[in-house]
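Structure record follows, encoded as structure tokens.
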Amino acid sequence: MATLQVRDIDDRLYSFLKTSAKMQNRSISQEVITILENYLNSNQKQLKNTTLEFLALTGAWIDDNDAEVIIKDIRQGRNQSTRFGANNGIFD
């Protein structure tokens, strides 16, 4: 089985890992492995969903309005979505 060693970890991150491991009744090593497994599994699903969503949005823009009206319409339709990940305050 492979071994992974991490050096120069931020004190806040280590504290977060320690607290999280304690709450889950795991060692810090077990918690890191669990976090990595969960991230890698969810990241593949998210990448696939993001790609499919992007491909669904591609295509020619058919509109009789001039560019300024189209750009204004696009900007009005934007929002502050967090569907691809929310800030959790660790690295903010």
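Quick note on our numbering: the sequence shown kicks off at 3 and runs consecutively. Cβ coordinates follow ideal geometry from the N, Cα and C atoms, glycine included. Since we're looking at a predicted model, the values are computed, not measured.
{"Check": "Taking all protein chains shown into account, do 16 or more other C-beta atoms lie within 10 angstroms of the C-beta of Glu39, making it buried, or fewer, making it exposed?", "Outcome": "exposed"}
{"Check": "Closest to Tyr16 by CA distance: which of Lys50, Val34, Gln78, Thr5 is it?", "Outcome": "Val34"}
{"Check": "The alpha helix (DSSP H) with Ser22 in it runs from where to where?", "Outcome": "13-25"}
{"Check": "Considering just the uninterrupted stretch of the alpha helix (DSSP H) at Val71, what are its terminal residues?", "Outcome": "69-79"}
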